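Read the structure below first, then the notes.
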Amino acid sequence: MPPTSDWPQRRLALQGLSAWDINGRIAVAATAGREGWTASLDWRRRGESSVIDLRGPLGAGAVRVTVEGAETTVDDGRGPPRRYTDLEAGLAAGLGAPLPIASLRYWVLGVPDPALPSIEAQGAEGWLATLEQDGWSVRFERYGATPLGWLPARVVAEHEGLRLRLAIESWGAPAPGASP
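Residue numbers are given in the numbering used here: position 12 of the sequence shown equals residue 1095, and the series is strictly consecutive.
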């Protein structure tokens, strides 16, 4: 692992990173009254726009979530795409779980959402180890070398009995001007 870096400077730089691609897996644990699910994950972020593709095991079920500023579109292939002006409500309706996508876009980078208060704890490497934010407890279980520097490879977030696990297999830096 590389030597530790100045955490405030690193946090600010990562919070400003607005274009990236990740591929991996996501799992949402079952909670009372809700079923859990797992899927492969492809997430392309460009500024205020994101495209998140989720595919179930063995190709069973697919959902595309497109975020363009304040509008979210959820397309599960069963009828016309549904549009929402509330990001969290759109995701809850489309995915069956209230995922904190606005904050998750920062958490996958290993930093807190700058719009919300947080309690942070760093690990021995100088990177974020745990985070408490907006009622969520987030653990950064593993980091790895990427084209964008050292970034999380495994993130676990828990909130009111809901557990979200992300295993990020690869990070990418998009070509300049690439769209999501």
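Glycine residues also receive a C-beta, built at the ideal position from the N, C-alpha and C atoms. As the structure is a prediction and not an experimental result, all values here were calculated from the model.
Task: Of the listed residues Gly1152, Gly1162 and Glu1154, nearest to Val1146 (C-alpha basis) - done: Gly1162
Open item on the list: Please report the distance separating the alpha-carbon of Ala1207 from that of Ala1122.
Closed with: 32 Å
Open item on the list: Please report the straight-line C-alpha distance between Leu1245 and Ala1256, rounded to a whole angstrom.
Closed with: 31 Å
Task: Secondary structure, alpha helix (DSSP H): runs of 4+ residues fully inside the segment 1172–1246 - done: 1184–1190
- [ ] Report the residue from Val1111, Arg1188 and Pro1197 whose alpha carbon sits nearest the alpha carbon of Asp1104.
- [x] Arg1188
- [ ] May I have the straight-line CA-CA distance separating Glu1252 from Ile1135, to the nearest angstrom?
- [x] 15 Å
Task: Which residues DSSP lists as bridging Leu1133, in chain order - done: Looking at the sequence shown, residue 1133 is not Leu but Ser. Answer is Arg1128 and Val1150, bridged to Ser1133.
TODO: Check Arg1161 in the structure and name its three-state DSSP category.
DONE: coil
Open item on the list: My assumption, with CB atoms under 8 Å, is that Leu1234 sits in contact with Ala1240. Please give the rounded CB distance.
Closed with: With 8 Å as the limit, Leu1234 and Ala1240 do not qualify as a contact, their Cβ atoms being about 16 Å apart.
Open item on the list: Among Thr1213, Ala1175, Asp1196 and Val1157, whose alpha-carbon lies nearest the alpha-carbon of Glu1118?
Closed with: Ala1175
TODO: Answer with buried or exposed for Thr1155, where buried requires no fewer than 16 other C-beta atoms within 10 angstroms of its C-beta.
DONE: buried
Task: Alpha-carbon to alpha-carbon, Gln1098 and Gln1092 - done: 10 Å
Open item on the list: Less than 8 Å between the C-beta atoms of Ile1109 and Leu1124, yes or no?
Closed with: yes
Open item on the list: Out of Ser1186, Gly1193, Pro1230 and Val1191, which one is the CA nearest neighbour of Gly1218?
Closed with: Ser1186
- [ ] For Gly1255, write down the residues that DSSP places opposite it in a beta bridge.
- [x] Asp1104
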